[in-house]
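Following: one structure in structure tokens, then a few remarks.
2 protein chains.
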Amino acid sequence: MRSLLALLSSSVSSGHHLFSRLRTCRSSTLAHHVLFSRRGVAMNASEEILRIALAEKQSAVEAQGNAVREMKSAGAAKPDIDAAIEALNGLKLEKASIERQLQAAVSGSESSLTREAFRQAVANTLERRLFYIPSFKIYRGVAGLYDYGPPGCAVKSNVLAFWRQHFVLEENMLEVDCPCVTPEIVLKASGHVDKFTDLMVKDEKTGSCYRADHLLKDFCNEKLQKDLGISPEKAAELKHVLAVLDDLSTEELGAKIKEYGITAPDTKNPLSDPYPFNLMFQTSIGPSGLSPGYMRPETAQGIFVNFKDLYYYNGNKLPFAAAQIGQAFRNEISPRQGLLRVREFTLAEIEHFVDPENKAHLKFSEVANLEFLMFPREEQMSGHSAKRIPLGEAVSRGIVNNETLGYFIGRVYLFLTCLGIDKNRLRFRQHLANEMAHYAADCWDAEIECSYGWIECVGIADRSAYDLRAHSEKSGVPLVAQEKFPEPREVEKLVIDPVKKELGLAFKGNQRMVVEALEAMNEKEALGMKDTLESKGEIEFYVCTLKKNVTIKKDMVTISKEIKKEHHRVFTPSVIEPSFGIGRIIFCLFEHSFYMRPSKAGDEELNVFRFLPLVAPIKCSVFPLVKEQQYEEVAKVISQSLTTVGISHKMDITGTSIGKKYARTDELGVPFAITVDSTSSVTIRERDSKDQVRVDVEKVASIVKEVTDGRRMWADVWSTFPHHIPLDLGNE
Amino acid sequence: MRSLLALLSSSVSSGHHLFSRLRTCRSSTLAHHVLFSRRGVAMNASEEILRIALAEKQSAVEAQGNAVREMKSAGAAKPDIDAAIEALNGLKLEKASIERQLQAAVSGSESSLTREAFRQAVANTLERRLFYIPSFKIYRGVAGLYDYGPPGCAVKSNVLAFWRQHFVLEENMLEVDCPCVTPEIVLKASGHVDKFTDLMVKDEKTGSCYRADHLLKDFCNEKLQKDLGISPEKAAELKHVLAVLDDLSTEELGAKIKEYGITAPDTKNPLSDPYPFNLMFQTSIGPSGLSPGYMRPETAQGIFVNFKDLYYYNGNKLPFAAAQIGQAFRNEISPRQGLLRVREFTLAEIEHFVDPENKAHLKFSEVANLEFLMFPREEQMSGHSAKRIPLGEAVSRGIVNNETLGYFIGRVYLFLTCLGIDKNRLRFRQHLANEMAHYAADCWDAEIECSYGWIECVGIADRSAYDLRAHSEKSGVPLVAQEKFPEPREVEKLVIDPVKKELGLAFKGNQRMVVEALEAMNEKEALGMKDTLESKGEIEFYVCTLKKNVTIKKDMVTISKEIKKEHHRVFTPSVIEPSFGIGRIIFCLFEHSFYMRPSKAGDEELNVFRFLPLVAPIKCSVFPLVKEQQYEEVAKVISQSLTTVGISHKMDITGTSIGKKYARTDELGVPFAITVDSTSSVTIRERDSKDQVRVDVEKVASIVKEVTDGRRMWADVWSTFPHHIPLDLGNE
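Line order of the protein sequences matches chains A and B.
Note that the first sequence covers residues 1 to 732 in my numbering.
Note that the second sequence covers residues 733 to 1464 in my numbering.
As structure tokens, this is what we get:
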């Protein structure tokens, strides 16, 4: 069996499509889940053994079948034939058993059916309760576009508010807000115009478009899962294709599609050769048609082009971070994976600018003791799994490149777990060498496990000086920082001093070209010339702008090394970029928060979102126990006081049973319910425990405020106030 | 003199371009300031008198000049000639005086120069302190696109947070979040694809594009302001053109441009005829090129298409409101007015759905006593100015169409003034009949006065059932509400029952057309036919699909009125739409908050933004009085406790003088400054009064929290704590 390592290293060599994929990853945090698919497809030992056993058993069945037929035609004795048939049936049973084992091995330990059923249960609840709505639904929608309905929108706005608190406020970041419409030159400089592409094939008859890699991937997966009879060699080949899928060139991808005879999935028509399709939505700025523009594929560029002003705003001091929350756009070829791969999404991005010679972080000690699942490059290459490593150790051992990168990994961990992401289904995976752009120093993805597998939700990359340099070059505006030395430093510098008078006499009209060529020499060339001039008095020198050699004499140039005093250094800062796919985080949060529990009567399963108060779309509901005017009056007073303290809530004064009302709001993830069953005191119920306490009407709003703000724990409320045992909750 | 009323009524008749202009207004709240320009250009009495006087004086000067020349050529006596010259000079002086008066009258009472200087002072401060940055500045920018830099972004996020609190939370609105990318069919239904246009002309040689109405407007204004010698008739004509500018047809606008010989402003080249240019940014969804899409020009459509789901979410009950905050896009032909007319902007829109038969509002009494500047249609038409009217009175007298519209006007007033908009420079102006779409019941704009004049910042329109009907028709999905009657109601209904057998015999193949025509009769026609059939036995009946009369006999149709019991009614809700141009509100807020005051030394003018804590980008600054380590330590402790209570702040530990530090943060509108001048107590300074109190280090964060949250007034802090008199503030 070809080892995983071999598969991976073979993919490294064909990584020339990398930049486009990386921009793809980094810009939208819509990763290709390289590792997940690799780990998913890498053949494990038992699977290979089973495939070989199956092939052997298949041969044995065929041989025995032939033997039976031969015996029959040769007119063998019946007992002999019966014995041979029995042996054949035994072989067939053994084969069937191996097939079952192989099927189980291929599907993985957790049945993909269970995963899909769970996903469907969550999705149904989310759509029914309007967390999401397929956009423009009455016009049959548009693939890859979703609305956040009222509760989804509230969750999103809570997540963004917490992001601002956790990152922008805590770290004193400079938040900016730039337009989505972006002129072409900016995205030329960033590389998006040329490289932000996916490979596409067209149905040659209908013109329908497909992502080339998706078709090949689907073909291989289906073959592996449904066609158990393929040879172990064929299976290994298909798995290899899956492993190197992201690294295949346009031609290689086209050749594989041809080789496997893959056709358009909807029509079975032949497909075109693959060709790159730019994923940006294009438009035109102004009426002339002469200014092409694009809807930004990421928010980061808006920060980079403002570096100079932001650096000035920060008192010309490094490090500092700028941040931006905003919409980004990707014109996906054929969006799949529902809410995870969409054509418009909210990004929250941080660009932390730092001196490349000093990537220490003042506050690193605050996160150094955190310990969580990390999945370093080496563990991935050697086939191990993610493991818990203290962050301080990861940095000190050099697993994480530097303190600043480590600091942000820690802050991202805290951000996600504070939102309610399950820390056992969260890992930080390091990019493999072939996943990273050549300029990147290190890159880690926060991956969250959901029903689609491990999904990249945050990318944290040390992008070195790449982006600022690209915009400096394109715009001609230097995007640099200065370090003033406390004391001037002595630096040895090469000085090339062409003697223009002599050069003019010798080369007349060509003087300028010769001077420029002399000045352009690097240190090695210049010192070589100096030696030769000193020993031989002259030297032949190739001037590329003249396309010929000229003779340089000793008196035509002086070359020396001088000690110079420097008072400062000028450099392009490195940037460390945590980039958050807000929609993906929210989707995973929904899955991690969802559970079902039986109703009190036991006749149905009720859905619950166990949202923390921080993210819950509505913090509290207010119900009169029964439809009575005095209770309704009290409910209205409580509602008013909740509004005053800024607690979003929902009042329900319909005649529905209290149990049904609880079930309805549990399904929205409302953490607390106030039930009015008297005019002086009311009950507060906590969603997950269903525990209830009794409190005074006057106090209820401030207590709910305290527990939703996180200033007081429910356990404390529970131990402070009298417990309330409900008589009958109807449907609950 | 043609009266203002005459000017206005003449413009009413040519209002067939209305819809497009209104969509323009409503979608972006970037109004055409119809009234402002009208009021600005309507000739007032004194101006017309001056123009007539100037023309008379000019004639007199010419006549006297001729007289002098004649006397000279006739050889009159010198004393006579001298006297005549003296009279001529007197007339010239009088003419010059009238010219000066006229110039003053044309420029208005407040000099436009002062306005522009003020605008420039504010803009300089805003750009220097990075409230705004021209987008993609290092690439020389793109007209009509601006970034919010750090303090601008913070102000915007505060304004939006307050908007959510004031509207969404207080009113329990259903907030949604829909994509910007919108398929064509949605904007076909809304009318944007066909009508969301401005008229454009092209420089015939260079291809540069201009807005046709802008060129004509500039021409007229310049003529009126700089060419004082034009006849009163000509002046009246130009003013009339300005008044009806928005109502001119494509052809009329083209004719005027030709008549006045207007050329391209940059090159003086001839111009093309005007033609409509759609203001939406167009793009293509997916790779096929077959699905055109646009960047939404407003957020409202996302709400309308979701009406059915939202109505269900609200328990199938009216009224309810949905809200959305998001980016909107307008591909302006040639953006002017800097930050007011931009190509991408943030809108916050509310769609309040209500039963058209009951537009009362439960909470109207809460705003009925508000009294502020209102500018009803009638006052505008009769040339009066805006006046203070109690809102309750405005609704009860029918000036404002209904309570719900009135309620939102009141809530918008509270929103804007709570932000810090000067209530004396805020008015609510009713749309004139010709400004409103035919379907609108009433429409009011919140206009804020800034250096550009009165600017529409919020539009509050009762749009009746227009939008929901348009999407119902286009999508085929009924967007309706139901009212269940408590008791069934008896309704008299017309029943037309064609007798198909007889009609078939008489009309054969044409039977279906006749049946359809009979069924399509309205009540009056049907009852007329019934009478005639009863009296004469037959009737001639025109069938439009057959384009001829047929004879209907008594046995061919029965017509009757029946009493039917109805248990509910189905109707399309009306929508009341407050639509907020967030960028415009913020711009006006900046101008209303800006002032200058002399430095303590009196040698320079210092800029201050008097932001309320609610909107201030940074709530507090922390300075050590002098650069000393123990003070810096205290400053850091205070900074940490401010972060803990969620107060955004800025620490400045540079060696700059304390006066300079105050000046720097005053210019950012930071309301409070904490100065560390001991290790046990510190001072808090209030920005506008410059008053300082002394408080304990432990208490300072919670005091600042109280005053910035609005739970405590500065006056109370000032009277509670010992006052601190600074010794010397250096530059302050």
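Backbone N, C-alpha and C fix where the C-beta goes; we use that ideal spot for every residue, glycine too.
Residues near residue i in its chain [Cβ-Cβ closer than 8 Å; skip 5 each side]
i      : result
N306/A : V176, C178 and A322
Close Cβ partners of residue i (< 7 Å) along its chain, the five nearest in sequence each way excluded
i       : result
T206/A  : T267 and N269
Y1139/B : H1093, K1095, F1096 and V1099
A441/A  : N401, D462 and S464
Coarse secondary structure for residue i, derived from DSSP in three states
i       : result
D1441/B : helix
K661/A  : helix
R1028/B : coil
D273/A  : coil
F353/A  : strand
P151/A  : helix
M173/A  : coil
R832/B  : helix
K1262/B : helix
H649/A  : strand
S681/A  : strand
Y1373/B : Sequence check: residue 1373/B is Ser here, not Tyr. Helix.
V846/B  : In the sequence as displayed, the identity of residue 846/B is Thr instead of Val. Helix at T846/B.
K387/A  : strand
Bridge partners - residue i, DSSP secondary structure assignment
i       : result
D497/A  : T558/A
E502/A  : Beta-bridge pairing links E502/A to no other residue.
E490/A  : K565/A
F1455/B : The sequence given here places His at residue 1455/B; Phe does not occur at that position. Note: H1455/B sits in a beta bridge opposite V1425/B.
H1016/B : According to the sequence as given, residue 1016/B is Ser; it is not His. Beta-bridge pairing links S1016/B to P1024/B.
W1176/B : Q1162/B and I1192/B
For residue j and residue i, the rounded distance between their alpha carbons
i       : j       : result
S27/A   : R427/A  : At S27/A the pLDDT is 32, less than 50, meaning the model places this residue with poor confidence; the figure from the coordinates comes in the next sentence. For S27/A and R427/A, the distance between alpha carbons rounds to 20 Å.
N369/A  : C418/A  : 17 Å
A975/B  : G286/A  : 28 Å
Q720/B  : I1082/B : Within the shown structure, residues of chain B are numbered from 733 to 1464, placing residue 720/B beyond reach of any answer.
I684/A  : T1452/B : 38 Å
S648/A  : L642/A  : 7 Å
Y864/B  : A875/B  : 14 Å
K1280/B : Q1214/B : 41 Å
E1418/B : S1434/B : 16 Å
E936/B  : P1006/B : 12 Å
V499/A  : A996/B  : 55 Å
P722/A  : R694/A  : 6 Å
D1423/B : L877/B  : 40 Å
Y294/A  : D945/B  : 29 Å
R712/A  : F304/A  : 42 Å
P319/A  : L339/A  : 36 Å
S1389/B : E1364/B : 15 Å
Q380/A  : G254/A  : 29 Å
Contacting residues, own chain, Cβ-Cβ under 6 Å from residue i (five flanking each side not counted)
i      : result
F611/A : S593 and G669
A921/B : A1202, H1203 and K1206
Any C-beta of chain D under 8 Å from that of residue i
i      : result
F277/A : Annotation note: the requested chain D is absent from the structure, which comprises protein chains A and B.
| query | What residues in the stretch 892-905 of chain B bring their beta carbon closer than 9 Å to a beta carbon of chain A? | reply | A893, R896, Q897, V900, L901, E902, N904 and M905
| Quick one, which residues of the stretch 336-357 of chain A are near chain B if we go by CB-CB under 7 Å, in chain order? | Against chain B - using a Cβ distance shorter than 7 Å - the residues of the stretch 336-357 of chain A are R343 and E344.
| query | Between the stretch 1387-1401 of chain B and chain A, which residues of the former have a C-beta closer than 9 Å to a C-beta of the latter? | reply | Taking 9 Å as the Cβ-Cβ cut-off against chain A, none of the residues of the stretch 1387-1401 of chain B qualify.
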